[in-house]
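Structure first, then comments.
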Amino acid sequence: MNLVFKISMFLVFLCGVFWIGSFNSYATDVWIARNSDGVDIYIMDDTIKYGVTSTGKWVSLSTKKVRNGQLIEVGNTYYSKYKTDMWRYHTNKMSNNSTVVIPKNNIFEYVMKTIGWGYLIRDRGYSSYYY
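Numbering of the sequence shown is given in our numbering, commencing with residue 353 and proceeding in unit increments.
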(Lines of atoms letter the chains of each structure in order from A; the text may use other names.)
(Lines give C-alpha, C1' and ligand atoms only; values in the text may rest on other atoms or scores of the structure.)
Protein backbone atom coordinates (compact mmCIF):
# COMPACT_ATOMS: atom_id res chain seq x y z
CA MET A 353 0.00 0.00 0.00
CA ASN A 354 2.84 2.36 0.85
CA LEU A 355 4.48 1.68 -2.54
CA VAL A 356 1.23 2.39 -4.42
CA PHE A 357 0.88 5.70 -2.56
CA LYS A 358 4.46 6.72 -3.42
CA ILE A 359 4.00 5.84 -7.10
CA SER A 360 0.71 7.75 -7.22
CA MET A 361 2.27 10.83 -5.63
CA PHE A 362 5.21 10.67 -8.02
CA LEU A 363 2.84 10.53 -11.01
CA VAL A 364 0.84 13.49 -9.67
CA PHE A 365 4.09 15.40 -9.21
CA LEU A 366 5.20 14.65 -12.80
CA CYS A 367 1.84 15.74 -14.20
CA GLY A 368 2.12 18.97 -12.23
CA VAL A 369 5.61 19.66 -13.55
CA PHE A 370 4.51 19.12 -17.15
CA TRP A 371 1.34 21.18 -16.66
CA ILE A 372 3.20 24.14 -15.13
CA GLY A 373 5.96 23.90 -17.76
CA SER A 374 3.42 24.10 -20.56
CA PHE A 375 2.59 27.70 -19.61
CA ASN A 376 6.16 28.77 -20.30
CA SER A 377 6.21 27.42 -23.86
CA TYR A 378 5.35 30.24 -26.23
CA ALA A 379 7.12 29.09 -29.38
CA THR A 380 4.85 28.63 -32.35
CA ASP A 381 5.23 28.10 -36.05
CA VAL A 382 3.13 30.65 -37.92
CA TRP A 383 1.84 29.66 -41.36
CA ILE A 384 2.67 32.41 -43.85
CA ALA A 385 1.98 31.10 -47.35
CA ARG A 386 1.83 28.16 -49.72
CA ASN A 387 4.09 28.46 -52.75
CA SER A 388 3.33 27.26 -56.27
CA ASP A 389 4.97 23.89 -55.53
CA GLY A 390 2.47 23.18 -52.74
CA VAL A 391 5.05 23.86 -50.03
CA ASP A 392 3.80 25.58 -46.89
CA ILE A 393 6.07 28.24 -45.39
CA TYR A 394 6.10 28.76 -41.63
CA ILE A 395 7.94 31.33 -39.52
CA MET A 396 9.39 29.98 -36.29
CA ASP A 397 8.35 33.00 -34.25
CA ASP A 398 10.64 32.25 -31.32
CA THR A 399 13.62 32.79 -33.65
CA ILE A 400 12.78 36.41 -34.55
CA LYS A 401 15.59 38.71 -33.49
CA TYR A 402 16.11 42.36 -34.42
CA GLY A 403 18.16 45.40 -33.66
CA VAL A 404 19.32 48.87 -34.62
CA THR A 405 22.91 49.90 -35.26
CA SER A 406 24.51 53.21 -36.19
CA THR A 407 24.18 52.27 -39.87
CA GLY A 408 20.66 50.86 -39.96
CA LYS A 409 18.29 48.10 -38.86
CA TRP A 410 18.38 44.31 -39.05
CA VAL A 411 16.01 41.39 -38.48
CA SER A 412 16.77 37.66 -38.49
CA LEU A 413 14.48 34.64 -38.31
CA SER A 414 14.14 30.99 -39.22
CA THR A 415 11.52 29.45 -41.48
CA LYS A 416 10.29 25.94 -42.14
CA LYS A 417 9.21 24.50 -45.47
CA VAL A 418 6.65 21.71 -45.15
CA ARG A 419 4.94 19.58 -47.80
CA ASN A 420 2.11 17.21 -46.90
CA GLY A 421 2.98 17.50 -43.21
CA GLN A 422 6.62 16.52 -43.77
CA LEU A 423 9.45 18.92 -42.98
CA ILE A 424 11.51 19.64 -46.10
CA GLU A 425 13.99 22.16 -44.71
CA VAL A 426 14.69 24.83 -42.14
CA GLY A 427 16.17 28.07 -43.40
CA ASN A 428 17.53 31.29 -41.93
CA THR A 429 16.74 34.73 -43.32
CA TYR A 430 18.48 37.98 -42.48
CA TYR A 431 16.91 41.33 -43.42
CA SER A 432 18.90 44.54 -43.29
CA LYS A 433 18.37 48.19 -44.12
CA TYR A 434 21.26 50.63 -44.48
CA LYS A 435 20.10 54.08 -43.32
CA THR A 436 17.61 55.32 -45.96
CA ASP A 437 18.25 52.52 -48.46
CA MET A 438 15.68 49.85 -49.31
CA TRP A 439 15.34 46.64 -47.29
CA ARG A 440 17.48 43.72 -48.46
CA TYR A 441 17.61 40.06 -47.46
CA HIS A 442 20.01 37.18 -47.44
CA THR A 443 19.32 33.50 -46.66
CA ASN A 444 21.62 30.68 -45.66
CA LYS A 445 20.90 29.10 -49.08
CA MET A 446 22.14 32.12 -51.05
CA SER A 447 25.64 33.17 -51.98
CA ASN A 448 27.15 36.10 -50.09
CA ASN A 449 25.09 38.69 -51.99
CA SER A 450 21.88 40.18 -50.63
CA THR A 451 18.74 40.80 -52.67
CA VAL A 452 16.22 43.63 -52.52
CA VAL A 453 12.94 42.69 -50.80
CA ILE A 454 10.11 43.14 -53.30
CA PRO A 455 6.45 43.55 -52.25
CA LYS A 456 4.34 41.51 -51.50
CA ASN A 457 6.60 39.52 -49.20
CA ASN A 458 4.46 37.81 -46.55
CA ILE A 459 7.42 36.86 -44.37
CA PHE A 460 8.81 40.41 -44.30
CA GLU A 461 5.41 41.98 -43.61
CA TYR A 462 4.57 39.52 -40.82
CA VAL A 463 7.90 40.12 -39.07
CA MET A 464 7.63 43.91 -39.34
CA LYS A 465 4.13 43.79 -37.85
CA THR A 466 5.27 41.42 -35.08
CA ILE A 467 8.18 43.63 -33.96
CA GLY A 468 6.22 46.86 -34.47
CA TRP A 469 8.37 48.42 -37.17
CA GLY A 470 6.79 50.40 -39.97
CA TYR A 471 7.86 50.41 -43.60
CA LEU A 472 6.96 52.14 -46.85
CA ILE A 473 6.43 50.66 -50.29
CA ARG A 474 7.81 52.97 -52.95
CA ASP A 475 7.24 52.53 -56.64
CA ARG A 476 10.43 53.23 -58.60
CA GLY A 477 8.72 53.13 -62.00
CA TYR A 478 9.92 49.67 -62.97
CA SER A 479 9.47 47.95 -59.60
CA SER A 480 8.37 48.53 -56.01
CA TYR A 481 10.53 48.17 -52.93
CA TYR A 482 10.21 48.27 -49.14
CA TYR A 483 11.78 51.27 -47.39
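Glycine included, C-beta positions come from ideal geometry on N, C-alpha and C.
Query: S342 versus N458: straight-line alpha-carbon distance, rounded; Result: Only positions 353 to 483 of the chain appear in the structure, and residue 342 is not among them; the question remains open.
Query: Through-space distance from N354 to T415, alpha-carbon basis; Result: 51 angstroms
Query: For Y402, the three-state DSSP class (helix, strand or coil); Result: strand
Query: Exposure label - T429; buried when at least 16 CB within 10 Å; Result: buried
Query: Pair within 8 angstroms by beta-carbon distance, I473 and Y402; Result: no
Query: Own chain residues within Cβ distance below 8 angstroms of G470, not counting five before or after; Result: M464
Query: Reference V382, options V418, D389, Y441, closest by Cα; Result: V418
Query: Sheet register partners of W439 (DSSP bridge); Result: Note: W439 sits in no beta bridge, so no partner.
Query: CB-CB length for V426 against R440, believed under 8 angstroms; Result: 22 angstroms between Cβ atoms; not a contact.
Query: For Y423, the nearest candidate out of D475, M396, F460, P455 (CA to CA); Result: Inspection of the sequence shows that residue 423 is occupied by Leu rather than by Tyr. Of D475, M396, F460, P455, the residue nearest in Cα terms is M396.
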